[in-house]
Amino acid sequence: VDLTMTAGTLSGTQNITVTGAVVGTDGGFSLTGGTLEQRAGLAKNFGTSSNPTAWSFNNLTFSNSNPAGSGTTHTTQSGGSGTITVAGTLTIGKAGDSAGTTLDLSSRTWIFTGTSPISVTSSPAATLTINTSTIRFAGTSALTVPLSYSYYNLELRPNGSGGPNYTLGSGASQILTVAS
Numbered sequence: 033v034d035l036t037m038t039a040g041t042l043s044g045t046q047n048i049t050v051t052g053a054v055v056g057t058d059g060g061f062s063l064t065g066g067t068l069e070q071r072a073g074l075a076k077n078f079g080t081s082s083n084p085t086a087w088s089f090n091n092l093t094f095s096n097s098n099p100a101g102s103g104t105t106h107t108t109q110s111g112g113s114g115t116i117t118v119a120g121t122l123t124i125g126k127a128g129d130s131a132g133t134t135l136d137l138s139s140r141t142w143i144f145t146g147t148s149p150i151s152v153t154s155s156p157a158a159t160l161t162i163n164t165s166t167i168r169f170a171g172t173s174a175l176t177v178p179l180s181y182s183y184y185n186l187e188l189r190p191n192g193s194g195g196p197n198y199t200l201g202s203g204a205s206q207i208l209t210v211a212s
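Mapped onto my numbering, the consecutive letters of the sequence shown carry residue numbers 33 to 212.
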């Protein structure tokens, strides 16, 4: 079943699981607690298709419900220009899924304000595709920025007061590459 937001704002603190697309034109999300999970067995879209409506989540999970063992891709729609903010953790894939999950961030701006912003499962293997998106780490607490992704646009810009320490990578062999 799809969840389509065309007006208003869905707010709350409960866990929500959607087995279809999570899309909209003008409606927003302001989920300050719980987790929104898009658990689909086939490729599905996520995000607004038009308008600058911002979506905000506590935790956001993309997972694969296909029992046949085929991978699933969740694609962020690029028609809208609103930001997608995750205050807790963005999780791609779940242990126990029969196959991997891919999340394509498309060309949208994703804002992370938590201290453990991104989790990509390794079994089954999940994939985060940055594409031409902007990733903004905006928390006011110390954060280790994962260097296991090829960022297109990377912003270290805290919301509010405070001067957090951002550590680039946590492994000895990680490399930060800046290209124009």
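Virtual Cβ for every residue (Gly too), placed ideally from N, Cα, C.
The structure displayed is predicted, hence computed values, not measured ones.
Spatially closest choice to residue i from the options, by CA coordinates
i	options	result
L90	L200, Y181, G44, F169	Contrary to the premise, residue 90 reads as Asn rather than Leu in this sequence. Checked all of L200, Y181, G44, F169; the closest Cα to N90 is G44.
N47	E187, T115, G65, S82	G65
P99	G40, V152, T38, S130	S130
Y184	V152, D136, L63	D136
T104	F61, S182, A174, P156	P156
I143	A53, S165, K76	S165
T115	A86, A127, T57, T134	A86
T93	S82, P84, N83, F78	F78
D58	G52, S182, T80	T80
A53	A127, S95, G146	S95
Y181	A174, T172, L200	L200
G56	S82, T67, V33, L63	S82
S139	L160, L179, T108, A39	T108
CB-CB length for residue i against residue j, believed under 8 Å
i	j	result
G125	A158	3 Å
S202	T176	5 Å
S97	A75	Between A75 and S97 the Cβ distance is about 12 Å, and since that is not below 8 Å, they are no contact.
T49	E69	5 Å
S88	T123	S88 to T123, Cβ: 16 Å. No contact.
S173	T134	Not quite, the Cβ-Cβ distance comes to about 29 Å (not below 8 Å), so this is no contact.
Residues that DSSP places opposite residue i in a beta bridge
i	result
T133	T104
G79	V55
S154	A157
N98	According to DSSP, which records beta bridges pairwise, N98 is partnered with nothing at all.
DSSP three-state assignment for residue i, whether helix, strand or coil
i	result
G192	coil
V118	strand
T164	coil
S251	Since the first residue shown for the chain is 33 and the last is 212, residue 251 is missing from the structure and cannot be characterised.
A39	coil
S88	strand
Y198	strand
R140	coil
N47	coil
S212	Bear in mind that a pLDDT of 46 at S212, under 50, signals an unreliable position, so the number given afterwards is only what the model happens to contain. Note: S212 maps to coil in three-state DSSP.
V177	strand
G60	strand
T123	strand
Distance, residue j Cα to residue i Cα
i	j	result
T141	G101	31 Å
F169	S151	14 Å
S212	G192	The predicted model places S212 with a pLDDT of 46, which falls under 50 and marks its position as unreliable; any figure quoted below should be read in that light. Looking at the two C-alpha atoms, the distance is approximately 29 Å.
M37	I162	24 Å
A119	F61	13 Å
E187	T121	18 Å
T51	N197	38 Å
L63	G128	26 Å
D34	G132	21 Å
T145	A39	26 Å
G194	H106	35 Å
Contact test: residue i Cβ vs the ligand NAD heavy atom, cutoff 8 Å
i	result
S193	Of ligands this structure carries none, so the ligand NAD is not represented either.
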